[in-house]
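Under the working numbering, read the sequence shown as residues 14 to 328, first letter to last.
Using N, Cα and C, we set each Cβ at its ideal position, and we do this for glycine too.
A short write-up of the structure that comes next.
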Amino acid sequence: MEAYIKKLRDRKAIAAGGAKDVESQHKKGRLTAQERIDLLFDPGTFSEIDTLVTPRSDKYMDGRGSRYGDGVVTGFGEINGRKVFVASQNAAVMGGSLGEMHANKIVKAMNMAIKYGCPFLALNDSGGARIQEGVDSLGGYAKIFDANCEASGVIPQLSVILGPCAGGAVYSPALTDFVFMTENSYMFITGPEVVRAVMQENVSFEMLGGGMIHSKESGVSHFLSKDDTECLLKVRELLSYLPSNNQDDPPYVPPIDDPERRCPELEAIVPVDPHKPYDVRQVIGSIVDDGRFFEVHELWAENMVVGFARLNGYV
14 MEAYIKKLRD
24 RKAIAAGGAK
34 DVESQHKKGR
44 LTAQERIDLL
54 FDPGTFSEID
64 TLVTPRSDKY
74 MDGRGSRYGD
84 GVVTGFGEIN
94 GRKVFVASQN
104 AAVMGGSLGE
114 MHANKIVKAM
124 NMAIKYGCPF
134 LALNDSGGAR
144 IQEGVDSLGG
154 YAKIFDANCE
164 ASGVIPQLSV
174 ILGPCAGGAV
184 YSPALTDFVF
194 MTENSYMFIT
204 GPEVVRAVMQ
214 ENVSFEMLGG
224 GMIHSKESGV
234 SHFLSKDDTE
244 CLLKVRELLS
254 YLPSNNQDDP
264 PYVPPIDDPE
274 RRCPELEAIV
284 PVDPHKPYDV
294 RQVIGSIVDD
304 GRFFEVHELW
314 AENMVVGFAR
324 LNGYV
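Put into structure tokens, the structure is as follows:
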């Protein structure tokens, strides 16, 4: 009997968002929280924690019954065979708004990542603070910022902006190591309506804090992708260059090409005339293992090229 009850609870938890909310998410060109996790982690490796957590009071349920998970999916799994912790905000549940229990779930996952020396990923897709919970919601942000500081320099922290990220939610990504954004996401402290009311200026979501603005103008975003799928695949690739923690080394990958090879093509790439321009990415691609170079800040400060690569298997 207990097994059947557990199965029913699991089904109820999975269906927490509701069909209409899921459909709305897809119409916006975005994946659901669970779909993102399925794409990000190695198949069959993800384990969710705190699945049945709900807000402390039913008055926060926006009149649609219990919402298991409280708007965020947390847990751990494997990416390229290495353990990683994640918090994926579920915009299909109360807009992914952050309340007390929502924040507690995120902080618990972060603390577990620190304890076990694993990278932590925050998939942001939230309408901001849950106003109904008042100061408890704002206190939740403070707990997350504190955990960000505790994890800084200890484990890799990656923020992935896949929808709205506004108000108090924007500070956490700024405290993490790398920020990913999609063309369909945006991040700002106050929205266009507030700017219009205070400064009498009309700005769009994209102009105020869209993915392109933060990738090309402000430099807040390190990577820009066209959609969720491309973005999450980039996250997987970046993790392949990073150590799990500050006591570990990045993964070693044996090169396919000969590490003792010569690179005669460099003579054609780099001109004799020092005043003649050339693409330094071609130089990097010729030297590094298998021509694979993962560029960071590709669109920002384009006069400088930085990124990750391997030489003889080492990052």
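Item to check | Neighbour-count burial assignment, Val-183, 16 or more Cβ in a 10 Å radius | outcome: buried
Checklist entry - Less than 7 Å separating the beta-carbons of Glu-113 and Gly-153? => result yes
Next on the checklist: Please report the distance separating the alpha-carbon of Val-86 from that of Leu-136.
Outcome noted: 10 Å
Next on the checklist: Quick check: the Cα distance between Glu-163 and Gly-181, rounded to an integer number of angstroms?
Outcome noted: 19 Å
Checklist entry - Using the beta-carbon count (16 or more within 10 Å), is His-39 buried or exposed? => result exposed
Checklist entry - Is Cys-131 closer than 7 Å to Ser-257 when the C-beta atoms are compared? => result yes
Checklist entry - Do the region 185-197 and the region 208-217 touch if we need at least three Cβ pairs shorter than 8 Å? => result no
Item to check | Supposed close pair Gly-109, Gly-140 - CB separation, criterion 8 Å | outcome: 6 Å
Next on the checklist: Rounded to whole angstroms, what is the Cα-Cα separation between Val-233 and Asn-124?
Outcome noted: 25 Å
Checklist entry - In three-state terms, what does DSSP make of Pro-177? => result strand
Checklist entry - Sorted by chain position, which residues of the same chain lie with C-beta nearer than 7 Å to Leu-151's C-beta, five sequence neighbours on each side aside? => result Ala-142, Gly-181
Checklist entry - Between Ile-127 and the rest of its own chain, which residues show a CB-CB distance below 7 Å, the 5 nearest in sequence each way excluded? => result Glu-163, Ala-164, Val-167, Ile-168
Checklist entry - Less than 7 Å separating the beta-carbons of Gly-326 and Glu-308? => result no
Checklist entry - For Pro-263 versus Asp-302, is the C-beta spacing smaller than 7 Å? => result no
Checklist entry - How close, in whole Å, do the beta carbons of Asp-138 and Leu-175 come, if the pair is a contact with beta carbons under 8 Å? => result 5 Å
Next on the checklist: Would Glu-61 and Gly-84 be called neighbours here (beta carbons separated by less than 7 Å)?
Outcome noted: no
Checklist entry - With Gln-170 and Asp-190 assumed to form a contact (beta carbons below 8 Å), what rounded beta-carbon distance in angstroms separates them? => result 5 Å
Checklist entry - Is the CB of Gln-213 under 7 Å away from at least one CB in chain B? => result The structure shown contains no chain B; it is built from a single protein chain.
Next on the checklist: Using the three-state DSSP reduction, which class does Phe-54 fall into: helix, strand or coil?
Outcome noted: coil
Checklist entry - How would you write the range of the beta strand (DSSP E) that Arg-96 sits in, first residue to last? => result As written in the sequence, residue 96 is Lys, which differs from the Arg given in the question. Here the beta strand (DSSP E) through Lys-96 covers 95-102.
Next on the checklist: Here's a check: name, in chain order, each residue in its chain whose Cβ is nearer than 6 Å to the Cβ of Ser-101, leaving out the five neighbours to either side.
Outcome noted: Ala-46, Arg-49, Ile-50, Val-86, Leu-136
Item to check | Which residues DSSP lists as bridging Ile-300, in chain order | outcome: Beta-bridge pairing links Ile-300 to no other residue.
Checklist entry - Under three-state DSSP, which class holds Val-309? => result strand
Checklist entry - What three-state label does DSSP hand Ser-234 in the structure shown? => result coil
Item to check | Span separating the alpha-carbon of Val-285 from that of Pro-272 | outcome: 26 Å
Checklist entry - Helix, strand or coil: which one does DSSP assign to Gly-88? => result strand
Checklist entry - Is Glu-219 helix, strand or coil by DSSP? => result helix
Next on the checklist: Let me check understanding here. Comparing Cα to Cα, which of Ile-202, Leu-246, Ser-231 lies closest to Leu-52?
Outcome noted: Leu-246
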